[in-house]
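In our numbering, the protein residues as written are 1306 to 1489.
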């Protein structure tokens, strides 16, 4: 799964929150803190298995007639499905060639129905639980701030992040047992 970069406004808000936490009032370290905030956001999404900030994502799936679950969640919309040839060329599929579904848990599902589709599919989706920084749950924001501050303060050393970060994010963690990627 490939995600578009976080929106600049989200990174700026995360930077500002981390600067407040660190009691930094100057702008000399802004670029570094923005990079660290983006890393903290990405690590948080990876840790929880959930897209926090809504943006465009792309996933590659095998073309199959069985339902396949997308890896990214929560899915807000599935906007495009393309067949991808071995050489990498992509061509859009007709809406008559596939079926999509988004279930109550925000998981996106896809299957092909046309008999002649083989190979891989590139699926473009919009996924994410929050539109922006202020829409994130406070524990998620606090974990981002703590991790950003930790990365900033320990950039010369290799120290484990504070346990509080995982404790703040753990309730949002989605665990996959086995490879439950198909449904009946």
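Even glycine gets a Cβ: it sits at the ideal position worked out from N, Cα and C. In this text, all values refer to a predicted model and were calculated from it rather than measured experimentally.
Query	Result
For residue 1462, count neighbouring C-beta atoms within 10 Å of its own C-beta (all shown protein chains included) and say buried if the count is 16 or more, exposed if not.	exposed
Rounded to whole angstroms, what is the Cα-Cα separation between residue 1426 and residue 1467?	40 Å
Any idea which residues DSSP pairs residue 1463 with across the strands?	Its beta-bridge partners do not exist; DSSP assigns none.
Classify residue 1424 as buried or exposed, calling it buried when 16 or more other Cβ atoms lie within 10 Å of its own Cβ.	exposed
Any idea if residue 1412 is buried or exposed, counting beta-carbon neighbours within 10 angstroms, 16 or more meaning buried?	buried
Keeping to the same chain, check which residues put their C-beta closer than 7 Å to that of residue 1435; ignore five residues upstream and five downstream.	1357, 1358, 1359 and 1441
Could you pull the start and end residues of the beta strand (DSSP E) that residue 1383 belongs to?	1380-1389
Where does residue 1470 sit, in a helix, a strand or coil, going by DSSP?	helix
Please specify which runs of the alpha helix (DSSP H), each continuous and at least 4 residues long, are wholly inside the segment 1312-1339, giving them in chain order.	1313-1327
Using 6 Å as the cut-off, classify the Cβ of residue 1349 as near or not near the heavy atoms of the ligand FMN, replying yes or no.	As for the ligand FMN, it is missing from this structure, which has no ligand bound.
Use the C-beta contact count for residue 1417: other C-beta atoms within 10 angstroms, 16 or more gives buried, fewer gives exposed.	buried
Three Cβ pairs or more, each shorter than 8 Å: is that satisfied between the segment 1444-1457 and the segment 1321-1328?	yes
Please determine, among 1385, 1367 and 1408, the residue with the shortest C-alpha to C-alpha distance to residue 1401.	1385
Please confirm whether residue 1405 and residue 1398 have their CB atoms less than 7 Å apart.	no
In the DSSP assignment, what residue or residues form a beta bridge with residue 1366?	1426
With DSSP as the reference, please indicate the residues paired to residue 1406 in a beta bridge.	1414
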